[in-house]
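Read the structure below first, then the notes.
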Ligand SMILES: Cc1cc2nc3c(=O)[nH]c(=O)nc-3n(C[C@H](O)[C@H](O)[C@H](O)COP(=O)(O)OP(=O)(O)OC[C@H]3O[C@@H](n4cnc5c(N)ncnc54)[C@H](O)[C@@H]3O)c2cc1C
């Protein structure tokens, strides 16, 4: 490893790499540059008046033993294992997600019957060109229309025909999460429904604070090991000479010399002309003075007339994320960064509250406070050209792209950790969209 390493971004990917490099002790100096004043990036936690809010639902789940070992090494005893309790809101009712037989039985009979017939009308693989084709081939035209097309348009702002098939593979895996739950096509979905009980997925969560506790613990180790973390410092780009990276330029004009740079901030900052686009999320954190009746940890909302796409209930991750007797909710709305709503989120406050009441998620009279957060670059947007765009790059020597936004990878925390562990160990790493 090189003498002077700069890592841009103190999210899970950047922190894992910094922690591993400084623990190995082979570097002269490792510096992390982070735009925010706190670590964690998308895995950050906001605290206000004893209420803790992660950015939507954030839980650790992995089937990779190396990643799990690393997780538990960092968290030590400070973790709990929780059974997943997720839902999907359909036809005015909360249903178990991944779907159970009982939940599916309660779907409108015509949808169920037509979906069953779709089992015998599968499309050929060579007719798959985009997200819509992929989902129709896997799940049939009826489930595509019933579940996927509206949710996708609402979530991405794009039609399913304009999205790359990778969006489907990554998105469906991310939503289902557990390999034990076979839901990767219509047949396995129907087979899964015949199981007596849905597979009980267990995930890890810190036993104190929010998900950011993990990152705080990484920061402590990095500092103990002599690494430097510079918060509230924004990287504007890299500096190169004769095809080699020589430093990172900050937005205040300062240049930090480096012979190795790992970049986990959005790739679009490095290559603004390249056309990479991200989705952005407005997160509404709501503190409530009384317990509401929500029994799930998180729930998906597909219908286009409901403004949010997912709700999270922090109390169902860990009771002490809210003060005694209180409750809270996190609502996510994805929006373009140049939209009026992004500039002025509170303009949809009334619509948000009436939608929350419509789905029986809260009683307006119990609200203590309602805070908006603008989280940029939450999801890489996989349009039909994105793979071509990625393959066109020739990076300068000494620069490596990292993590969700740096490598333009619709991933989870465990994937960012796995990627950084592999890089630190000098092993090759393949971004894999098809497995969790
Ligand atoms: C709503 C939501 C829910 C999720 N739920 C889960 C879940 O339950 N389980 C799971 O495993 N994963 C989940 N994920 C995914 C998970 O958050 C990411 O995979 C992971 O946090 C990515 O880490 P990263 O370090 O690769 O990227 P990031 O967290 O994006 O880190 C990049 C860092 O770079 C910083 N940065 C950006 N620009 C600059 C700049 N110019 N200069 C300096 N620094 C900069 C950012 O502030 C950030 O700290 C979820 C994601 C979202 C959006």
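Residue numbers (our numbering): 292 to 727.
Each residue gets a CB set at the ideal place from its N, CA and C atoms; glycine is no exception.
If you're wondering where the values come from, they're calculated on a predicted model, not measured in any experiment.
Residue 559, enclosing alpha helix (DSSP H) - first and last residue: In the chain shown, the residue the question calls residue 559 occupies position 268. 558-561 is the span of the alpha helix (DSSP H), which, as asked, contains residue 559.
Could you check what DSSP says for residue 381 in three-state terms: helix, strand or coil? As a first step, residue 381 must be located in the chain shown, where it is residue number 90. In the structure shown, residue 381 sits in a strand (DSSP, three-state: E or B).
heavy atom of ligand 1 below 7 Å from residue 626 C-beta: For the purposes of this step, residue 626 is identified with residue 335 of the chain shown, where counting begins at 1. Every heavy atom of ligand 1 is 7 Å or more from the Cβ of residue 626, so no.
Considering only C-alpha positions, which residue in the set 675, 642, 579 is nearest to residue 344? Start at 1 with the first residue of the chain shown, and residue 344 comes out as number 53. Measuring from the Cα of residue 344, the nearest candidate turns out to be 579.
Give every residue of the same chain whose Cβ lies closer than 6 Å to the Cβ of residue 728, excluding the five residues on either side of it in the sequence, and list them in chain order. In the structure as shown, the chain begins at 292 and stops at 727. Residue 728 is therefore absent and cannot be evaluated.
By the DSSP assignment, the alpha helix (DSSP H) with residue 707 in it spans what residues? Reading the chain shown from its first residue, position 416 is the one you call residue 707. Element bounds for residue 707: 704-715.
With 16 other Cβ atoms within 10 Å as the buried cut-off, status of residue 372: For the purposes of this step, residue 372 is identified with residue 81 of the chain shown, where counting begins at 1. Burial call: exposed.
Relative to the C-alpha of residue 445, which residue among 553, 533, 552, 600 is closest? Numbered from 1 along the chain shown, position 154 holds the residue referred to as residue 445. Nearest C-alpha to residue 445: 600.
When the Cβ atoms of the stretch 683-703 are set against those of the stretch 301-311, are three or more pairs found closer than 8 Å? Contact holds: three or more Cβ-Cβ distances are below 8 Å.
N-terminal and C-terminal residue of the alpha helix (DSSP H) that residue 304 is part of: Locating residue 304 in the chain shown gives position 13, where the first residue counts as 1. Its alpha helix (DSSP H) spans residues 303-315.
Integer-rounded CB distance, given that residue 603 should sit under 8 Å from residue 347: The residue given as residue 347 occupies position 56 in the chain shown. The residue given as residue 603 occupies position 312 in the chain shown. That pair is a contact at about 5 Å.
Is the CB-CB distance between residue 561 and residue 528 below 8 Å? Your numbering for residue 561 matches position 270 in the chain shown. Your numbering for residue 528 matches position 237 in the chain shown. Result yes, Cβ atoms of residue 561 and residue 528 sit closer than 8 Å.
Do residue 536 and residue 687 count as a contact pair if the criterion is CB distance below 8 Å? For the purposes of this step, residue 687 is identified with residue 396 of the chain shown, where counting begins at 1. For the purposes of this step, residue 536 is identified with residue 245 of the chain shown, where counting begins at 1. In this structure, residue 536 lies closer than 8 Å to residue 687 by Cβ.
Using the C-alpha atoms, what's the distance from residue 497 back to residue 330? Position 39 of the chain shown, counted from the first residue, corresponds to residue 330. Position 206 of the chain shown, counted from the first residue, corresponds to residue 497. Taking the straight line joining both Cα atoms gives about 15 Å.
From 655, 586, 567, residue whose alpha carbon lies closest to that of residue 680: Working through the chain shown from its first residue, we reach residue 680 at position 389. Here the closest residue by C-alpha is 567.
Which of helix, strand or coil does DSSP assign to residue 539? Position 248 of the chain shown holds residue 539. It is a strand residue.
Can we count residue 555 as close to ligand 1, meaning its CB is less than 7 Å from some heavy atom? As a working mapping, residue 555 is identified with position 264 in the chain shown. True, at least one ligand heavy atom lies under 7 Å from that Cβ.
Leaving out five residues on either side along the sequence, give the residues of the same chain with a beta carbon under 7 Å from the beta carbon of residue 690. Numbered from its first residue, the chain shown carries residue 690 at position 399. Closer than 7 Å at Cβ, skipping near neighbours: 529, 536, 552, 554.
If you check the beta carbons only, do residue 505 and residue 459 fall under 8 Å apart? As a first step, residue 505 is located in the chain shown; it is residue number 214 there, counting from the start. As a first step, residue 459 is located in the chain shown; it is residue number 168 there, counting from the start. Residue 505 places its beta carbon 8 Å or farther from that of residue 459.
Could you pull out every residue in the same chain whose Cβ sits closer than 6 Å to the Cβ of residue 633, ignoring the five residues on either side in sequence? As a first step, residue 633 is located in the chain shown; it is residue number 342 there, counting from the start. Within the same chain, residue 633 has close Cβ partners 626.
Whole-angstrom Cβ separation of residue 613 and residue 342, contact assumed at under 8 Å? Here residue 613 corresponds to residue number 322 of the chain shown, with the count starting at 1. Here residue 342 corresponds to residue number 51 of the chain shown, with the count starting at 1. Indeed, because the Cβ distance is near 6 Å, the residues count as touching under 8 Å.
For a test of your reading of the model: does the CB of residue 560 fall under 7 Å from any non-hydrogen atom of ligand 1? Yes or no. Here residue 560 refers to the residue found at position 269 when the chain shown is read from its first residue. Checking the Cβ of residue 560 against ligand 1 gives yes.
Provide the residue span of the beta strand (DSSP E) that contains residue 662, from first to last. To locate residue 662, count along the chain shown from 1; it is residue 371. Its beta strand (DSSP E) spans residues 658-671.
Does at least one heavy atom of ligand 2 sit under 7 Å from the Cβ of residue 343? Summarising the ligand content, the structure contains ligand 1 and does not contain ligand 2.
Taking three-plus beta-carbon pairs below 8 Å as touching, is the stretch 500-519 in contact with the stretch 375-383? The stretch 500-519, when compared against the stretch 375-383, does not touch it at the 8 Å Cβ threshold.
Best match in 401, 421, 427, 461 for proximity to residue 455 [C-alpha to C-alpha]: As a working note, residue 455 is residue 164 in the chain shown. Looking at the Cα atoms, 421 is the closest of the given residues.
Quick one: grab the DSSP three-state call for residue 718. Here the question's residue 718 lines up with position 427 in the chain shown. Looking at residue 718 - three-state DSSP - the assignment turns out to be coil, as it is neither helix nor strand.
Any non-hydrogen atom of ligand 1 within 7 Å of residue 508 CB: Counting from 1 along the chain shown, the entry for residue 508 is found at position 217. False, no ligand heavy atom lies under 7 Å from that Cβ.
If you draw a straight line from the C-alpha of residue 706 to the C-alpha of residue 419, how long is it? Locating residue 706 in the chain shown gives position 415, counting from the first residue. Locating residue 419 in the chain shown gives position 128, counting from the first residue. Cα-Cα distance, rounded: 26 Å.
In or out: residue 586 buried (at least 16 other Cβ within 10 Å) or exposed? As a working mapping, residue 586 is identified with position 295 in the chain shown. Counting Cβ neighbours within 10 Å, residue 586 comes out exposed, since fewer than 16 surround it.
Nonlocal neighbours in the same chain, by C-beta distance under 6 Å from residue 443, ignoring five residues either side: Along the chain shown, one-based indexing puts residue 443 at 152. So the list reads 451, once near-sequence residues are dropped.
I'd like the span of the beta strand (DSSP E) that includes residue 508, first residue to last. Taking the first residue of the chain shown as position 1, residue 508 is located at position 217. Careful: residue 508 lies outside any beta strand (DSSP E), inside the alpha helix (DSSP H) at 503-515.
Could you give the residue range of the beta strand (DSSP E) that holds residue 435? Your numbering for residue 435 matches position 144 in the chain shown. Where residue 435 is concerned, there is no enclosing beta strand (DSSP E), given that its DSSP letter is neither H nor E.
Would you mind working out which of 556, 539, 584, 652 sits nearest residue 295, comparing C-alpha positions? What you label residue 295 is simply residue 4 of the chain shown in a count that begins at 1. Cα-wise, what sits closest to residue 295 is 539.
Please state whether DSSP places residue 590 in a helix, a strand or coil. Position 299 of the chain shown, counted from the start, is the residue given in the question as residue 590. Correct three-state label for residue 590: strand.
In its own chain, which residues sit with a C-beta less than 8 Å from the C-beta of residue 588, not counting the 5 before and 5 after it? The residue you call residue 588 lines up with position 297 of the chain shown. When the five nearest sequence neighbours on each side are left out, the beta carbons in the same chain lying within less than 8 Å of the beta carbon of residue 588 are those of 348, 350, 373, 375, 376, 377, 603, 604, 607, 608, in order along the chain.
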